[in-house]
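J.: Pasting a structure here, questions to come.
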Amino acid sequence: TGLFTYDPGFTSTASCDSALTYIDGDQGVLLHRGYPIGQLAEHSSYMEVCYLLLNGELPNKAELEDFNRTITRHTMVHEQLSSFYKGFRRDAHPMAVMCGVVGALSAFYHDSTDIADPLHRKISSHRLIAKIPTIAAMAYKYTVGQPFVYPDNKLSYTGNFLKMTFGVPAEEYEVIPAVERAMDRIFILHADHEQNASTSTVRLAGSSGANPFACMAAGIACLWGPAHGGANEAALNMLREIGTPDRIPHYIERAKDKNDPFRLMGFGHRVYKNYDPRATVMQKTVREVFEALKVTDPVFETAMRLEEIALNDPYFIEKKLFPNVDFYSGIILSAIGFPTTMFTVLFALARTVGWVAQWNEMISDPGQKIGRPRQLYTGPTQRDYVPIEQR
Ligand code: CMC
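Heads up: take any position in the sequence shown, counting from 1, add 37, and you land on full-length UniProt numbering.
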């Protein structure tokens, strides 16, 4: 490969140092700042995990209260931003709206875009984490033709998001604690995942000195793809298409057929060659949400049966393909009331802290350089220009 290492898809290239997240894909281990994801999902809150990712340590009580106060101070968005939404078609995909609106944030908050100033970086980071639920809820409200709901800072980060999404001005909105807890846990499970495609995109965009709002918009655009964050939407659509367990074998055969582009969505991972620890928590959460809402969904049975069949199939065993975080998340989100088009938006909301923390880590790294991969050129060798009459 000449002067460079040829590594399409960066399967064996480390692009940075990072102290945020550790993954052991063979063992199915995920740690944030050393803490196992299972413990964080069980005992912690999303706000605590945000603090942990940003600051390196879990907060004490006073630090958490202070952090909560700081975040809630920024939950509103510039009133002019609502007009921005109105330029979109009502039937636009909410991720398309997110790409546009988040991309526009630096036009509203340019007073915190001097990335050389640590205070600007801090304010921008807090603004992004605080405003993203408001922006995401507004994307939803716009598509369903309901008025935007202002943030309610008496509520938790997650409770407030649920109210902004499902509340209407005509009625009191009551947050259901079990739903709030499940949603908070889903946010924790998506908070960071080291150098995945969207995080690498954020870092690459940031490496040129672009402002953090612009970098987040780049991350959101990358996340949208069905091989990445778009998989949660694709996974539930697939499960609904499969419908009943008796139809599973047909889809398993399709997934194994190399002439068929169909893949089992929510299955397989670049790094995990074992069960994704986030999928374990997600599966448990499905049951909790069903119980709390007194609902059920036949698609859950289809999903569990599909998992069982796939995990006993030589193709999936040999290729070490296991359910990933996106396999069960859609079932929970759908039970809570989100349309599938919002699933990737929720992923983006939760991943914002990871992007922000990784961006900060990169900017603070004195060894940081502009990201600039090389290539293996495969075009023609040098040749002389031919006048058009002679071609
Ligand atoms: N169904 C059927 N076959 C699969 C699947 C699948 N879901 N995933 C991988 N394979 C096969 C693939 O065809 C390939 O076979 P072969 O070696 O014969 O060519 C082998 O397994 C390795 O796959 P790959 O595409 O080379 O692996 P990758 O590391 O480049 O891709 C992946 C990882 C997640 C993009 C892929 O597994 C996939 O497309 N999964 C479905 C989409 C999905 O669930 N994405 C969410 C990932 S987790 C959350 C996130 O990152 O956002």
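Even glycine gets a Cβ: it sits at the ideal position worked out from N, Cα and C. What you are looking at is a predicted structure, and each value in this text was computed from that prediction instead of being measured.
1) Where DSSP assigns a beta bridge to P360, which residues make up the other side?
2) Three-state secondary structure (DSSP) at T180?
3) For M275, which residues of its own chain have a beta-carbon under 8 Å away from its beta-carbon, when the five flanking residues on both sides are left out?
4) Given 8 Å as the limit, is there contact between the region 209-229 and the region 364-384, that is, 3 or more CB pairs closer than that?
5) Does the beta-carbon distance from Y365 to A340 come in below 9 Å?
6) Could you check what DSSP says for T377 in three-state terms: helix, strand or coil?
7) Rounding to the nearest angstrom, what Cα-Cα distance links T109 and Y312 in this structure?
8) Pick out every residue whose C-beta is nearer than 6 Å to a heavy atom of the ligand CMC: which are they, in chain order?
9) Assess contact between the region 385-400 and the region 41-57, defined as three or more Cβ pairs (one per stretch) separated by less than 8 Å. Is contact present?
10) Between the region 86-96 and the region 330-350, can you find at least three pairs of beta-carbon atoms closer than 8 Å?
11) In chain order, what residues of the same chain lie with their CB nearer than 7 Å to the CB of T38, ignoring the 5 residues before and after it?
12) Should Y43 be listed as close to the ligand ADP, given that the test is whether its C-beta is under 8 Å from any heavy atom?
13) Pull up the CB-CB distance for R284 and V336, whole angstroms please, since I reckon it's below 8 Å.
14) Which residues in the same chain have their Cβ closer than 7 Å to the Cβ of D297, if we skip the five residues on either side of it in sequence?
15) Candidates S244, F384 and T378: which alpha carbon is nearest K178's?
16) Does Y312 come out as helix, strand or coil in the three-state DSSP assignment?
17) Pull up the distance between the alpha-carbon of H80 and that of L40, whole angstroms please.
18) Return the chain-ordered ranges of every alpha helix (DSSP H) run that is complete within the region 232-261 and spans a minimum of 4 residues.
19) In or out: A153 buried (at least 16 other Cβ within 10 Å) or exposed?
20) By Cβ distance, which residues of its chain are closer than 8 Å to P73, with the 5 residues on each side in sequence left out?
21) Does the distance from the C-beta atom of A176 to that of M113 stay below 9 Å?
22) Alpha carbon to alpha carbon, what distance is there between H130 and V308?
23) Around the Cβ of V332, are there at least 16 other Cβ atoms within 10 angstroms (buried) or fewer (exposed)?
24) Answer yes or no: do F384 and N269 have a C-beta to C-beta separation smaller than 9 Å?
25) Name the two residues that bound the continuous alpha helix (DSSP H) containing D334.
26) Determine the contact status of Y59 and G71, defining contact as a CB-CB distance below 9 Å.
27) Closest by CA to C87, which one among T317, G404, P424 and R388?
28) R164: buried (16+ other C-beta within 10 angstroms of its C-beta) or exposed?
29) Does the beta-carbon of P97 have 16 or more other beta-carbons within 10 angstroms, so that it is buried, or is it exposed?
30) Excluding the five sequence neighbours on either side, which residues of its own chain have a C-beta within less than 6 Å of the C-beta of V139, listed in chain order?
31) Please work out which residues of its chain come closer than 6 Å, Cβ to Cβ, to I160, disregarding the five sequence neighbours upstream and downstream, and give them in chain order.
32) Using a Cβ-Cβ cut-off of 8 Å (strictly less than) and excluding sequence neighbours within five positions of F104, which residues of its own chain qualify?
33) Give a yes or no on contact between the region 235-248 and the region 210-217, applying the rule of three or more CB pairs nearer than 8 Å.
34) Which residue wins for smallest C-alpha separation from N190, given the options S235, P170, H227 and E100?
35) Within this structure, are the beta carbons of A316 and P360 separated by less than 9 Å?
T.: Looking at the atomic coordinates:
1) The sequence position of residue 360 within the sequence shown is 323, counting from 1. The partner list for P360 (beta bridge, DSSP) reads F304.
2) Here residue 180 refers to the residue found at position 143 when the sequence shown is read from its first residue. In the structure shown, T180 sits in a helix (DSSP, three-state: H, G or I).
3) Taking the sequence shown and counting its residues from 1, the one referred to as residue 275 is at position 238. Correct list, in chain order: Y288, L301, M302 and G303.
4) Inter-segment contact for the region 209-229 and the region 364-384 is present: three or more beta-carbon pairs are separated by less than 8 Å.
5) Indexing the sequence shown from 1 puts residue 365 at position 328. Indexing the sequence shown from 1 puts residue 340 at position 303. Yes, they are a contact pair.
6) Your numbering for residue 377 matches position 340 in the sequence shown. T377 falls in the helix class under three-state DSSP.
7) Here residue 109 is taken as the residue at index 72 of the sequence shown, counted from 1. Here residue 312 is taken as the residue at index 275 of the sequence shown, counted from 1. Approximately 36 Å between the Cα atoms of the pair.
8) G46, N233, A264, H265, G266, A268, A292, R300, L301, M302, G303, F304, G305, H306, R307, K356, L358, N361, V362 and D363
9) Touching, yes, given that three or more Cβ pairs across the two stretches are closer than 8 Å.
10) No, the region 330-350 does not touch the region 86-96.
11) On the sequence shown, position 1 is the one that residue 38 refers to. Residue confidence for T38 is low, a pLDDT of 48 falling below 50, so the modelled location carries little weight; the figure read from the coordinates is stated next. Here the set comprises L413.
12) What this structure holds is the ligand CMC, not the ligand ADP.
13) On the sequence shown, position 247 is the one that residue 284 refers to. On the sequence shown, position 299 is the one that residue 336 refers to. About 12 Å separates the beta carbon of R284 from that of V336, a gap too long to meet the 8 Å contact definition.
14) Position 260 of the sequence shown holds residue 297. The residues are R291.
15) Position 141 of the sequence shown holds residue 178. K178 has its Cα closest to that of T378, out of S244, F384 and T378.
16) By 1-based counting over the sequence shown, the position of residue 312 is 275. Looking at Y312 - three-state DSSP - the assignment turns out to be coil, as it is neither helix nor strand.
17) As a position in the sequence shown, residue 80 is number 43, starting the count at 1. As a position in the sequence shown, residue 40 is number 3, starting the count at 1. Whole-angstrom Cα-Cα distance: 49 Å.
18) 234-244 and 249-260
19) For the purposes of this step, residue 153 is identified with residue 116 of the sequence shown, where counting begins at 1. With fewer than 16 other Cβ atoms within 10 Å, it is exposed.
20) Walking along the sequence shown from the start, residue 73 turns up at place 36. Answer for P73: V66, L67 and P314, listed in chain order.
21) As a working mapping, residue 176 is identified with position 139 in the sequence shown. As a working mapping, residue 113 is identified with position 76 in the sequence shown. No, they are not a contact pair.
22) Here residue 308 is taken as the residue at index 271 of the sequence shown, counted from 1. Here residue 130 is taken as the residue at index 93 of the sequence shown, counted from 1. So the two alpha carbons sit approximately 29 Å from each other.
23) By 1-based counting over the sequence shown, the position of residue 332 is 295. By the 10 Å Cβ count, V332 comes out exposed.
24) Against the sequence shown, residue 384 aligns to sequence position 347. Against the sequence shown, residue 269 aligns to sequence position 232. Yes. Within cutoff.
25) The residue you call residue 334 lines up with position 297 of the sequence shown. From DSSP, D334 is part of no alpha helix (DSSP H); its letter is neither H nor E.
26) Counting from one through the sequence shown, the residue named residue 59 turns up at place 22. Counting from one through the sequence shown, the residue named residue 71 turns up at place 34. Cβ distance < 9 Å, so Y59 and G71 count as in contact.
27) The residue you call residue 87 lines up with position 50 of the sequence shown. For C87, the nearest C-alpha among the options comes from R388.
28) Within the sequence shown, the letter at position 127 stands for residue 164. It is buried - the Cβ of R164 has at least 16 other Cβ atoms within 10 Å.
29) The count along the sequence shown starts at 1 and reaches residue 97 at position 60. Contrary to the premise, residue 97 reads as Asn rather than Pro in this sequence. When all chains shown are included, N97 counts as exposed.
30) The residue you call residue 139 lines up with position 102 of the sequence shown. So the qualifying residues of the chain are M253, A254 and I257.
31) As a working note, residue 160 is residue 123 in the sequence shown. Hits under 6 Å: S149.
32) The residue you call residue 104 lines up with position 67 of the sequence shown. Hits under 8 Å: M84, C87, Y88 and P96.
33) no
34) Counted from its first residue, the sequence shown places residue 190 at position 153. Ranking S235, P170, H227 and E100 by Cα distance to N190 puts P170 first.
35) The sequence position of residue 316 within the sequence shown is 279, counting from 1. The sequence position of residue 360 within the sequence shown is 323, counting from 1. Yes, Cβ-Cβ distance for A316 and P360 is below 9 Å.
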